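Notes follow once the structure below has been shown.
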Amino acid sequence: MNLEAVLIGAIVGVAAGWLLRRWLAAARRRKEGGCAGDCGCAAKIQPKK
Amino acid sequence: MSAAEPGLTVALVGNPNTGKSTLFNALTGLRQRVGNYPGVTVARKSGQCDCGEGTKVELVDLPGLYSLSASSPDEQVVIDALSGHLADDRRPDAVVVVIDATNLLRNLFLASQLSELGLPVVLVLNQADVAAEQGVKINADLLSRRLGGVPVVLTSAWKGEGIAAVRRAIGEALRSRVRMPAVEWPALVEEALADVAAGVAADIGRAPGRADVERLLFDSTTSVGQRLGWEAPRREAVIRAARDKVRRAGYNPLAAEPLIHYERLRKLLEGVVQGGGNRTGGSAAVDQVLLHRVFGPIVFAGIMLGMFAAVFWLAKFPMQWISGGVDWLKAVVAPTLDGLPMLQSLVTDGMIGGVGAFLAFLPQILILFLFVSILEDSGYMARAAFIMDRLFSWCGLNGKSFVPMLSGFACAIPGLLSTRTIEDPKARLATAFAVPFMSCSARFPIYALMCAAFIGPVYGPGWESVVMVGMHCVGLLFAVPTAFVLTRFVLKVKPQPFVLELPRYQMPKPRDVLWRMWQNAAEFVSKAGTVIFAITIIVWALSYFPRDPAVEQRIRATSVGVASAAVDAQVQSAYVEQSWMGRFGKSVQPIFDPCGFDWKITVGVLASFPAREVIVSTLGVTYSVGEGAEADSQHLQQVMRAAKWTEGPRIGTPIFSLAAVLALMVFFALCSQCGPTVATLAQETGGWKWAAISFFYMTTLAWLMAVAVYQVVSRLT
Chain A
1 MNLEAVLIGA IVGVAAGWLL RRWLAAARRR KEGGCAGDCG CAAKIQPKK
Chain B
1001 MSAAEPGLTV ALVGNPNTGK STLFNALTGL RQRVGNYPGV TVARKSGQCD CGEGTKVELV
1061 DLPGLYSLSA SSPDEQVVID ALSGHLADDR RPDAVVVVID ATNLLRNLFL ASQLSELGLP
1121 VVLVLNQADV AAEQGVKINA DLLSRRLGGV PVVLTSAWKG EGIAAVRRAI GEALRSRVRM
1181 PAVEWPALVE EALADVAAGV AADIGRAPGR ADVERLLFDS TTSVGQRLGW EAPRREAVIR
1241 AARDKVRRAG YNPLAAEPLI HYERLRKLLE GVVQGGGNRT GGSAAVDQVL LHRVFGPIVF
1301 AGIMLGMFAA VFWLAKFPMQ WISGGVDWLK AVVAPTLDGL PMLQSLVTDG MIGGVGAFLA
1361 FLPQILILFL FVSILEDSGY MARAAFIMDR LFSWCGLNGK SFVPMLSGFA CAIPGLLSTR
1421 TIEDPKARLA TAFAVPFMSC SARFPIYALM CAAFIGPVYG PGWESVVMVG MHCVGLLFAV
1481 PTAFVLTRFV LKVKPQPFVL ELPRYQMPKP RDVLWRMWQN AAEFVSKAGT VIFAITIIVW
1541 ALSYFPRDPA VEQRIRATSV GVASAAVDAQ VQSAYVEQSW MGRFGKSVQP IFDPCGFDWK
1601 ITVGVLASFP AREVIVSTLG VTYSVGEGAE ADSQHLQQVM RAAKWTEGPR IGTPIFSLAA
1661 VLALMVFFAL CSQCGPTVAT LAQETGGWKW AAISFFYMTT LAWLMAVAVY QVVSRLT
């Protein structure tokens, strides 16, 4: 396998990993009662149990 | 308590549309979203405010409310925040009540109610400049003296006047802890309140707060009893007996509170307010036209048409500059990667081509938000809500649904959050279901691409804006019947009267308009540099690999004597067809064949389910890799115009016929292609059920309508 292929694999891998991490973080934010979008709004709106 | 003590919290409350967020921004230096219509803030926001003399406080901007009787979730947030029932939050140390100086009596009702919370209060009489223009003179010192020394400050937050005085007043209130005198209830009402307090204490073993007791006695429905853990049967008996006492005092128990408060406030304001009476004047004359049953909708349609025509016209040249910049960048970068064909394709076709195709729409987004901000800040959008109320009331929603729908035109997520202003949970659900149909700005690039590539050049530039307005109406056309069926037959929503306080007309503030444009531009560019960039790399890889050299050898062996450029294009096309993306697109394409979509459009449609704006960059990459073209917006349009069916019954005919173009736009107008929206719908409706129903309903409807449009238009043209 040549260096170019390794480089391409690394770039594609980083892109896929970053997208996956971002989606997981959004899911976690939503689960904690925060915003599912990127705007960070609606934080701390859950009433006390 | 020392005023310099860290951790001080001050809450900002008031009636809707009194300028709380504008004041919040002025005090904290933040840029919280503001708007000239009620219901812009639906959640708690906070920032640091320096009140001088070493006093720094956390200032909390809360949604607007008219009274402490919460009827909608956003109002409940305020009451929970003020009483310290929000998770991770304690009770504020002071309250700044923002009051519309042009309507002191009604706005002071909330302040009068808040006096029962026993918190230090600052009264900010905002829009004092407008009150002065109307000839209203307010004696703030006299009002302060009558309220026992509570600081009263006259401000014009949008002009930045009186802000320093508010800072000083907050510091003063925290130091002196002066409270607004509570209302003096008639003896029998006071006795009734004491009975309720005693009933609660006897049953739950602790004394309730005064504000809670008032809600239990005066409100027809309240969640206070449940929150306190006061059992229903016993609670009802105690409250019934207490309300009998209120009746003996000569008051209807459910009307006693406002009557007694207003009686007090009228006395309080004697001599404090002088003049006025010219509240409507010019606004009323303008509203006679803009809110007219016939002229109102015509003016509204005219404004929308004009706005989109201007968006296309003004954005034309900046778009060409961006395309030129993308071309230049490719020309500079490509030679540096000679000898590395894979990397060269990734950087030029994938990264620059995909992101460049998306970024080319930045001027249109900027100009669109320039007009939207001007319309909102001027006060016109609230009038549009009034016009739309007739349509909404027909389908069982009310005018309060307009604000979420309006927000949905920018982005569905704030639109869904805005549904918290709707009191009835069923009406809220129906509105939340309808909001994702609104044509959000993420749909804009695909409409703009199709209009610029196929509608403008063929039918003339005027038709671009007509189609654009039409596409923005498609979502509304389906949202309304959907809401009708949902409210009438599924959820059985009871009709709700719509009360909207029309804001005064005002000249939009350039700083706020520019800030809104900047925010949207930053979000757009940031998305291009992050999500779109990453997805573009994945799409490029899927449409580039596997790359079997035998494909190229076979084509070159059978193309002796054919021009080299034509053979190269044939090779690129064959490679992308046998790539993973090509194989997948071809296997799924039969589903979208009745819509007139070829496998490349199919790939774009499927790649756009997480975020619909991905379609442009995906088309940019697939057409760039497949055709060897430079896929910025302008070149992408040329390549798409030249694309023809290579197999099947439509062989040799253009892929992007008028029927296919309209079907694609209708599909994107109706399909649920936004992961965060689906997640937010689940969040706001308390589970995945309605989010799943919405996703399948919208996607199925989109496919059916795309098929219908393609089949009908292709037979007519």
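In the order they appear, the protein sequences are chains A and B. Position 18 (the first sequence) corresponds to 18 in this note's numbering; numbering is contiguous. Here this note's numbering = 1-based position in the second sequence + 1000. C-beta: ideal position from N, C-alpha, C; glycine also. Quick caveat: nothing in here was measured; it's all calculated off a predicted structure.
- Pairing B:L1217 with B:D1093 gives a Cβ-Cβ distance that is not under 8 Å.
- Three or more beta-carbon pairs drawn from the region 1444-1451 of chain B and the region 1363-1372 of chain B are found closer than 8 Å, and the two stretches are therefore classed as touching.
- Neighbourhood of B:L1346 in chain A, by CB distance below 8 Å: I8, I11, in chain order.
- For B:G1160, there is no enclosing beta strand (DSSP E), as DSSP marks it with neither H nor E.
- Per the C-alpha coordinates, the member of B:I1099, B:L1110, B:G1029, B:S1573 positioned closest to B:Y1066 is B:L1110.
- Ranked by how close their Cα comes to the Cα of B:I1204, the residues B:S1112, B:V1224, B:S1283 have B:V1224 in first place.
- With distances taken between CA atoms, B:L1188 lies nearest to B:R1247 out of B:S1144, B:A1659, B:V1661, B:R1247.
- Between the region 1119-1129 of chain B and the region 1151-1171 of chain B there are three or more inter-stretch CB-CB distances shorter than 8 Å, so the stretches are counted as touching.
- For A:L19, the neighbours in chain B by C-beta distance under 8 Å run, in chain order, V1531, A1534, I1535, I1538.
- B:R1206 carries a coil assignment under DSSP once its states are collapsed to helix, strand and coil.
- Nearest neighbour of B:G1529 by Cα position, chosen from B:Q1553, B:A1241, B:A1357, B:M1450, turns out to be B:A1357.
- For the pair B:N1107 and B:T1028, the CB atoms are not nearer than the 8 Å cut-off.
- Assignment of B:S1672 by DSSP, reduced to helix, strand and coil, places it in the coil class.
- Here B:V1098 is near B:G1014, since their CB atoms are less than 8 Å apart.
- In this structure, the alpha-carbon of B:G1302 lies about 11 Å from that of B:S1465.
- Fewer than three pairs of CB atoms, one per stretch, sit closer than 8 Å, so the region 1482-1496 of chain B makes no contact with the region 1347-1356 of chain B.
- By alpha-carbon distance to B:W1313, the top candidate from B:L1397, B:A1452, B:A1285, B:S1373 is B:A1452.
- With a threshold of 8 Å between beta carbons, A:A15 makes contact with chain B.
- Inter-segment contact for the region 1464-1484 of chain B and the region 1421-1434 of chain B is present: three or more beta-carbon pairs are separated by less than 8 Å.
- Interface criterion not met: the Cβ of B:L1030 is under 8 Å from no Cβ in chain A.
- If you draw a 10 Å sphere on the C-beta of B:I1591, you find fewer than 16 other C-beta atoms in it, and that means exposed.
- Contact holds between the region 1136-1152 of chain B and the region 1266-1273 of chain B, because three or more Cβ pairs, one in each stretch, are under 8 Å apart.
- Secondary-structure assignment with DSSP links B:V1124 through a beta bridge to B:V1098, B:V1153.
- Scanning its chain for C-beta atoms nearer than 8 Å, with the 5 sequence neighbours on each side dropped, one finds around B:Q1637 the residues L1449, A1452, A1453, in chain order.
- B:D1568 and B:P1549 have their C-alpha atoms spaced approximately 13 Å apart.
- Distance check between B:S1694 and each of B:S1672, B:P1676, B:E1684, B:T1680 places B:S1672 closest, using alpha-carbon atoms only.
- Just so you know, the alpha carbons of B:V1616 and B:A1360 end up roughly 10 Å apart.
- Beta-carbon to beta-carbon, B:P1503 and B:G1379 are separated by about 4 Å, close enough to satisfy the 8 Å threshold.
- CA-CA distance, B:E1684 to B:A1643, rounds to 43 Å.
- With at least 16 other beta carbons inside 10 angstroms of its own, B:K1045 counts as buried.
- The region 1528-1546 of chain B and the region 1372-1390 of chain B do not touch, with fewer than three beta-carbon pairs separated by less than 8 Å.
- In the structure shown, B:C1395 adopts coil according to DSSP, grouped into three states.
- If only complete runs of 3 or more residues are kept, the region 1195-1275 of chain B shows the beta strand (DSSP E) at 1273-1275, in order along the chain.
- A distance below 8 Å separates the beta carbons of B:V1513 and B:D1377.
- A Cβ of chain B is located within less than 8 Å of the beta carbon of A:A26.
- Per DSSP, the beta bridge partners of B:Q1048 are B:E1058.
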